[in-house]
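Following the numbering used here, the numbering of the sequence shown begins with 4 at its first residue and continues without gaps. The C-beta atom is built at its ideal place from N, Cα and C for all residues, glycine as well.
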Amino acid sequence: MIKKLLRGLVPLTLAVTPALAPAPAQAAAPVLLPDALAALTVADESRTGYTRTAFKHWKTGADSTDGCNTRQEVLLAEAIETPTVGAGCSITGGKWLSYYDGQTVTLASALDIDHMVPLAEAWDSN
């Protein structure tokens with residue numbers, strides 16, 4: 004008798020389950036750019052407490068055995084003329100193109116590889 008009762012409950016459970024399921028999420032209404040900008044809070048920036056050395060960001064690159072850190076890997080990936088890579092991932096030669104002003108640079112040490120939003124700016128805007 005219990006088996007028959009359980010067999011009868013399975014179809015009932017399957018029939019009721021969709022009714023108990025949460026309603027599908029509705030997409031949020033789009034916000035137009037001028038409205039989004041108007042909603043931003045504007046405040047003075049503050050560099051109080053910022054020190055660049057507090058951010059350890061030049062980590063070992065993708066291959067921890069090649070001696071290249073993230074900065075060096077970016078230089079290698081972005082070169083328009085491949086540089087020579089020496090011991091400890093020292094980079095000589097090569098050429099890079101600035102996306103911002105079209106200038107070419109031939110000295111890796113003359114390039115500043117940084118975040119799209121510099122750390123100091125992110126700190127100031129916190």
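For residue i, three-class secondary structure by DSSP
{"i": "residue 124", "result": "helix"}
{"i": "residue 73", "result": "helix"}
{"i": "residue 51", "result": "coil"}
{"i": "residue 78", "result": "helix"}
{"i": "residue 9", "result": "In this predicted model, residue 9 has a pLDDT of only 42, less than 50, meaning its place in the structure is not dependable enough to derive any value."}
{"i": "residue 56", "result": "helix"}
Start-to-end residues for the alpha helix (DSSP H) that takes in residue i
{"i": "residue 38", "result": "36-42"}
Top-ranked residue by Cα proximity to residue i, from the options
{"i": "residue 80", "options": "99, 70, 67", "result": "99"}
{"i": "residue 121", "options": "50, 101, 70", "result": "50"}
{"i": "residue 103", "options": "114, 110, 93", "result": "114"}
{"i": "residue 119", "options": "77, 40, 92, 112", "result": "77"}
Cut-off 7 Å between Cβ atoms - residues of its own chain near residue i, not counting five sequence neighbours on either side
{"i": "residue 87", "result": "95, 96"}
Cβ neighbours of residue i in the same chain (closer than 6 Å, five flanking residues each side left out)
{"i": "residue 108", "result": "99, 114"}
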